[in-house]
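S.K.:
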Amino acid sequence: MHTTDPRTWWDGDVEIWINPACSKCRTATAALDEAGVVADLPRTTEARGQWLDALAAHPRLIQRPIITADDGTTVVGRDPESLARVLPG
1 MHTTDPRTWW DGDVEIWINP ACSKCRTATA ALDEAGVVAD LPRTTEARGQ WLDALAAHPR
61 LIQRPIITAD DGTTVVGRDP ESLARVLPG
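The sequence shown lines up with residues 1 to 89 when you count with my numbering.
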């Protein structure tokens, strides 16, 4: 099992969680592909737990502000379009 600090286990390949609709995620994936780095896209409960542990240990990795509306809509309110999704009216 990996520790929560990637500097202690990185071996040249990476594990990455992405949103395919996100331009920054697509850019990162393309750069990894171009560099010949193998990017594993984990989707297991164990991998999810490892990511949550890493984020809890290194909260600066989390984009903020995270806003959840009463209806459950959750956004990272870093741009006006995302913010508009949780504003009334």
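Glycine is no exception: its CB is placed at the ideal position from the N, C-alpha and C atoms. All values derive from a computational prediction rather than experimental measurement.
Based on the DSSP secondary-structure assignment, which residues constitute the bridge partners of A28?
M.R.: Within the sequence shown, residue 28 is the residue found at index 28, counting from 1. Looking at the DSSP assignment, A28 forms no beta bridge with any residue, so it has no partner.
S.K.: Please work out which residues of its chain come closer than 8 Å, Cβ to Cβ, to L61, disregarding the five sequence neighbours upstream and downstream, and give them in chain order.
M.R.: On the sequence shown, residue 61 is found 61 positions in, with the first residue counted as 1. Here the set comprises A54, L55.
S.K.: How many angstroms separate the CA atom of P65 from the CA atom of V86?
M.R.: Position 65 of the sequence shown, counting from 1, holds the residue named residue 65. Position 86 of the sequence shown, counting from 1, holds the residue named residue 86. If I take the Cα positions, the gap works out to 12 Å.
S.K.: For a test of the three-state rule: what should DSSP assign to D33, helix, strand or coil?
M.R.: The sequence position of residue 33 within the sequence shown is 33, counting from 1. In this structure, D33 counts as helix in the three-state DSSP scheme.
S.K.: Measure the C-alpha to C-alpha separation of A39 and H58 and round it to an integer number of angstroms.
M.R.: As a first step, residue 39 is located in the sequence shown; it is residue number 39 there, counting from the start. As a first step, residue 58 is located in the sequence shown; it is residue number 58 there, counting from the start. Roughly 21 Å between the two C-alpha positions.
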